[in-house]
Structures are given as structure tokens and as C-alpha cells.
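Enquirer: Last residue of the first sequence: 238 (my numbering), numbering continuous.
Quick one: the structure is below, questions incoming.
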Amino acid sequence: MAYYRPYHPPADPALVRELTATQNEMRQRVRLEPLPGLPKLIAGLDSSFPTPDTILSVIVVLTFPGLELVEKVYNYGPVDLPYVPGFLSFREAPNLLLAYEKLTTQPDVLMVDGHGIAHPRRMGIGAHIGVLLDKPSLGVAKEKLTGDYQEPAEAQGSRSPLLDKKTGELIGEVLRSKERVKPLFVSPGHRLDQATATTLALRCLRGYKLPEPTRLADHWAEQFKKEVR
DNA sequence: GCGACAG
DNA sequence: ATCTTGTCGC
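Below is the structure:
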């Protein structure tokens with residue numbers, strides 16, 4: 010089983026202090042509230058790394074609730090920062106924003122690959138991107154970063170709360186998006202709440218583990234990867 | 001001091 | 001995230 014844990018090289022203390030301060034400031038700008046109405050367009054954001062020092066960020070825009078692809082863009086560039094648990098956004102957000110500028114349509118909600126507020130300082134990349142663009146956003150992650158939870162029931166659609174072990178605060182929901190598959194971690198990012206985040210994730214499912222926005226962003230990343238190499 | 005660690 | 005061999009099931 011999972012007897013091997015990922016090894017994370019020690020990060021520069023000064024850098025971590027600086028990034029932590031930035032997250033604590035951004036955290037004050039996060040607003041969790043009901044989304045006024047359903048979105049007409051929903052975007053999926055995802056990044057991959059064709060080489061160790063380059064990043065490929067993809068954004069797809071789909072209609073909602075139809076989930077038809079209406080636009081797909083990407084940006085390929087260099088990556089400066091290393092991956093440090095808890096600071097993923099500083100490594101991926103810059104390039105994602107460059108891809109965002111290429112969009113000709115304006116999505117109403119952003120579904121980001123990674124956590125929303127289900128983060129040590131409530132500033133996962135989903136919240137980070139939402140705050141920077143001041144857009145409603147949510148995070149959908151495949152692995153837990155922080156928090157405690159009970160394994161959700163086996164039935165598709167089952168969910169269980171992801172709680173902060175210290176404060177007991179609800180920071181996300183663990184969702185069984187597909188039977189016999191490891192659950193997803195859904196959390197709000199900005200300008201929407203947990204109920205809305207989970208509802209959107211559920212309504213974007215089409216028989217796969219991942220909701221369509223992130224699934225298609227992931228799919229197109231594979232295609233664009235051929236264009237950049 | 002001992003675990004945990006998105007992508 | 002990325003790499004990688006093999007296995008299972010429709």
C-alpha cells in the first residue's frame with residue numbers, strides 16, 4: 010500500500026516566510042457566499058510540466074449545464090519556483106493568468122485543479138486564482154493536503170465533510186464522484202460557498218472520476234503538449 | 001519530538 | 001507533477 014511518502018526537499022526559509030505572509034493577506038480577501046444564480050459558462054483550469062522547468066497551463070470553457078466545450082486556450086512558459094507543499098499557487102498561478110488573458114469568452118465560475126480553502130491557511134490555488142481575478146471559484150483535488158475526514162460511502166454522489174482537526178471548521182467535502190474510485194476533495198475558492206461548490210462539481214460529472222471542466226483541461230493539456238515540444 | 005505533505 | 005510495466009474488464 011502507501012508505505013512510500015513523497016520526499017519534499019527543504020525549502021528556503023526566507024521564501025516560505027514571504028509567501029506565507031502573502032497568503033495571510035490574500036486570505037482576508039476571500040469571500041464565501043452563495044452564488045447568485047447558476048453559471049452560464051464554467052471554466053476548467055489545469056497545469057502540467059512538459060519538462061522540469063517549463064509549465065503548460067490550460068483553460069477550457071464549457072457551457073453550463075450543457076457542458077459543451079466552447080473555448081480552449083493555453084500558455085507555455087518557464088517555471089521559476091520549485092514545488093513546495095502549501096505554496097503550489099505561486100508556482101502555477103502566474104502562467105495560468107497568462108492563459109486566462111487569451112480567453113475571448115468570460116466564464117462565470119472557475120473550477121481549478123487543486124484545493125480551494127482546504128489548505129493550511131485557507132489559500133489553496135483555487136482560492137488564490139479566484140481572489141486575483143475576483144471571480145467565483147472552487148477547487149477540485151485528487152489528494153488531501155490538510156484536514157480530517159471519514160471515507161465517504163461507496164455509492165456515487167456520497168460525500169463526507171473535510172474538517173480542520175484543530176478548529177472543527179468545515180473546509181471542504183470529500184466526494185465519491187464515481188463508484189470504486191478514490192474520492193475527490195471539493196472546496197470553495199472565492200465568492201461561492203461549500204454547498205455551491207459541491208453542487209457544481211456534481212452537476213459537472215459525466216460518468217468519469219473528474220468533473221468535465223478539469224477533465225477536459227487535463228485532456229487538452231495532453232494535446233497541447235505536442236505543440237510545445 | 002512525531003507525522004503530513006495539493007500538483 | 002512525471003516516469004513506467006503489467007493487469008483487468010468492457
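Ideal Cβ positions, reconstructed from N, Cα and C, are used throughout, including at glycine.
#1: Got a sec, what are the start and stop residues for the alpha helix (DSSP H) Phe-99 sits in?
#2: Helix, strand or coil for Pro-170? Go by DSSP, reduced to three states.
#3: Looking at the structure shown, is Ile-239 part of a helix, part of a strand, or coil, going by DSSP?
#4: Going by the DSSP bridge assignment, what does Glu-152 pair with across the sheet?
#5: Look at the alpha carbon of Leu-107 and the alpha carbon of Ile-138, and state the distance between them as a whole number of angstroms.
#6: Keeping to the same chain, check which residues put their C-beta closer than 7 Å to that of Met-10; ignore five residues upstream and five downstream.
#7: For Tyr-4, write down the residues that DSSP places opposite it in a beta bridge.
#8: Can you list, in chain order, the residues of its chain whose CB lies under 6 Å from that of Arg-131, leaving out five sequence neighbours each side?
#9: Should Asp-157 be labelled buried (16 or more other beta-carbon atoms within 10 Å of its own) or exposed?
#10: Out of Leu-209, Gly-53 and Arg-238, state which residue places its alpha-carbon closest to the alpha-carbon of Ile-134.
#11: Given that a residue counts as buried once 16 or more other Cβ atoms are within 10 Å of its Cβ, and exposed if not, what is Tyr-217?
#12: Straight-line CA distance for Pro-220 to Gly-95?
#13: At what residues does the beta strand (DSSP E) containing His-199 begin and finish?
#14: So for Pro-59, helix, strand or coil by DSSP?
#15: Do you know whose CA, among Leu-141, Ala-127, Ala-230 and Leu-142, lies nearest Gln-203's CA?
#16: Determine the direct distance from the alpha carbon of Arg-189 to that of Leu-172, and round the result to whole angstroms.
Expert: In brief:
#1: Annotation: the continuous alpha helix (DSSP H) that includes Phe-99 extends over 97-109.
#2: In the three-state DSSP reduction, Pro-170 falls in the strand class (E or B).
#3: Only positions 10 to 238 of the chain appear in the structure, and residue 239 is not among them; the question remains open.
#4: Bridge partners of Glu-152 according to DSSP: none are assigned.
#5: The alpha-carbon of Leu-107 is positioned some 12 Å away from that of Ile-138.
#6: Here the model assigns Met-10 a pLDDT of 42, short of 50, so the residue's position is not dependable, and the following value carries that caveat. Within the same chain, no residue comes within 7 Å of Met-10 by CB-CB distance, once the 5 residues on both sides are set aside.
#7: Limits of the chain in this structure are 10 at one end and 238 at the other, which puts residue 4 out of reach.
#8: Correct list, in chain order: Arg-36.
#9: Per the 10 Å Cβ criterion, exposed.
#10: Across the set Leu-209, Gly-53 and Arg-238, the C-alpha of Gly-53 shows the shortest separation from the C-alpha of Ile-134.
#11: By the neighbour-count rule (16 or more Cβ atoms within 10 Å), Tyr-217 is not buried but exposed.
#12: Using only the alpha carbons, I get a separation of about 24 Å.
#13: It spans 193-199 - the beta strand (DSSP E) in which His-199 sits, taken as one unbroken run.
#14: Pro-59 carries a strand assignment under DSSP once its states are collapsed to helix, strand and coil.
#15: Cα-wise, what sits closest to Gln-203 is Ala-127.
#16: So the alpha carbons of these two residues sit roughly 23 Å apart.
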